[in-house]
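Peer 1: Starting off with a structure, shown below.
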Amino acid sequence: MYTLVLDERFSRVFCHLSCVFHCRYNVHRDMPLKEFVDFIRLRIQHDFPWNKSMFVYLKNTEPPIGTTLMSEVDEKNRDKDGFVRITYSGKEKGGWTR
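For the sequence shown, the UniProt record's numbering begins at 1 and goes up steadily by one.
Structural data, given as C-alpha coordinates:
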(Lines of atoms letter the chains of each structure in order from A and count residues from 1; the text may use other names and numbers.)
(Lines give C-alpha, C1' and ligand atoms only; values in the text may rest on other atoms or scores of the structure.)
Protein backbone atom coordinates (compact mmCIF):
# COMPACT_ATOMS: atom_id res chain seq x y z
CA MET A 1 0.00 0.00 0.00
CA TYR A 2 1.24 3.50 -0.83
CA THR A 3 0.58 7.04 0.31
CA LEU A 4 0.36 9.71 -2.39
CA VAL A 5 2.44 12.73 -1.39
CA LEU A 6 2.76 16.12 -3.05
CA ASP A 7 5.56 18.34 -1.78
CA GLU A 8 5.67 22.12 -2.10
CA ARG A 9 8.20 24.77 -1.19
CA PHE A 10 7.00 27.54 1.11
CA SER A 11 7.91 30.22 -1.43
CA ARG A 12 7.11 33.32 0.62
CA VAL A 13 10.05 32.54 2.90
CA PHE A 14 12.46 31.82 0.06
CA CYS A 15 11.74 34.61 -2.41
CA HIS A 16 15.28 34.33 -3.79
CA LEU A 17 14.72 30.76 -5.00
CA SER A 18 13.87 30.86 -8.66
CA CYS A 19 11.58 27.89 -9.07
CA VAL A 20 8.67 26.61 -7.08
CA PHE A 21 8.01 23.02 -7.97
CA HIS A 22 5.68 20.26 -6.95
CA CYS A 23 6.75 16.63 -6.92
CA ARG A 24 4.47 13.66 -6.56
CA TYR A 25 5.59 10.52 -4.79
CA ASN A 26 4.14 7.11 -4.04
CA VAL A 27 5.52 6.40 -0.59
CA HIS A 28 5.37 3.12 1.32
CA ARG A 29 2.95 3.48 4.21
CA ASP A 30 5.40 1.86 6.63
CA MET A 31 8.15 4.42 5.87
CA PRO A 32 8.94 6.77 8.78
CA LEU A 33 8.21 10.43 8.06
CA LYS A 34 11.79 11.34 9.02
CA GLU A 35 13.12 9.03 6.30
CA PHE A 36 10.85 10.66 3.72
CA VAL A 37 11.95 14.15 4.81
CA ASP A 38 15.60 13.05 4.41
CA PHE A 39 14.73 11.78 0.91
CA ILE A 40 13.26 15.18 -0.03
CA ARG A 41 16.33 16.90 1.38
CA LEU A 42 18.62 14.78 -0.81
CA ARG A 43 16.60 15.71 -3.90
CA ILE A 44 16.89 19.45 -3.23
CA GLN A 45 20.45 19.70 -1.89
CA HIS A 46 21.13 22.89 -3.85
CA ASP A 47 18.39 24.71 -1.87
CA PHE A 48 18.90 23.01 1.48
CA PRO A 49 22.54 22.25 2.23
CA TRP A 50 23.15 20.29 5.41
CA ASN A 51 24.00 23.47 7.37
CA LYS A 52 20.34 24.59 7.09
CA SER A 53 17.51 23.27 9.18
CA MET A 54 14.60 21.94 7.17
CA PHE A 55 11.05 22.21 8.47
CA VAL A 56 8.07 20.33 7.08
CA TYR A 57 4.43 21.23 7.57
CA LEU A 58 1.23 19.27 7.10
CA LYS A 59 -1.85 21.50 6.89
CA ASN A 60 0.23 24.42 8.24
CA THR A 61 1.36 22.57 11.37
CA GLU A 62 4.64 20.88 12.21
CA PRO A 63 4.18 17.13 12.56
CA PRO A 64 5.92 15.01 15.18
CA ILE A 65 8.71 13.58 13.01
CA GLY A 66 10.29 11.10 15.47
CA THR A 67 8.61 7.75 14.86
CA THR A 68 5.58 8.88 12.86
CA LEU A 69 4.85 6.57 9.94
CA MET A 70 3.59 7.75 6.57
CA SER A 71 0.39 5.73 7.15
CA GLU A 72 -0.37 7.93 10.18
CA VAL A 73 0.41 11.06 8.16
CA ASP A 74 -1.92 9.81 5.41
CA GLU A 75 -4.81 9.07 7.77
CA LYS A 76 -4.69 12.48 9.44
CA ASN A 77 -3.72 14.74 6.52
CA ARG A 78 -5.08 13.37 3.23
CA ASP A 79 -6.91 15.96 1.13
CA LYS A 80 -10.11 15.32 -0.83
CA ASP A 81 -8.06 14.65 -3.97
CA GLY A 82 -6.24 11.78 -2.22
CA PHE A 83 -2.90 13.56 -1.77
CA VAL A 84 -1.01 14.43 1.40
CA ARG A 85 0.52 17.88 0.94
CA ILE A 86 3.86 18.44 2.61
CA THR A 87 5.20 21.99 2.57
CA TYR A 88 8.82 22.61 3.47
CA SER A 89 10.97 25.59 4.33
CA GLY A 90 14.35 26.09 5.89
CA LYS A 91 16.38 28.17 8.24
CA GLU A 92 20.12 28.71 8.41
CA LYS A 93 21.56 27.85 11.76
CA GLY A 94 21.87 31.14 13.59
CA GLY A 95 19.21 33.17 11.76
CA TRP A 96 16.60 33.34 9.06
CA THR A 97 17.70 33.40 5.44
CA ARG A 98 16.91 36.43 3.32
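No residue lacks a Cβ here, since even glycine has one placed at the ideal position from N, Cα and C.
According to DSSP, is M70 part of a helix, a strand, or is it coil?
Peer 2: helix
Peer 1: What's the C-alpha gap between K34 and K80?
Peer 2: 24 Å
Peer 1: Expressed to the nearest angstrom, what Euclidean distance is found between the alpha-carbon atoms of E72 and G66?
Peer 2: Spanning the two alpha carbons is a distance of roughly 12 Å.
Peer 1: Among residues of its own chain, excluding the 5 on either side of D30, which ones have a beta-carbon nearer than 8 Å to its beta-carbon?
Peer 2: L69, M70 and S71
Peer 1: Report the three-state DSSP secondary structure of N26 (helix, strand or coil).
Peer 2: strand
Peer 1: What does the alpha-carbon distance come out to for the pair R85 and N77?
Peer 2: 8 Å
Peer 1: So, is S89 buried or exposed, given that buried needs 16 or more other C-beta atoms within 10 angstroms?
Peer 2: buried
Peer 1: Quick one: does the C-beta of K80 sit closer than 7 Å to a heavy atom of the ligand MG?
Peer 2: This structure does not include the ligand MG; it has no bound ligands of any sort.
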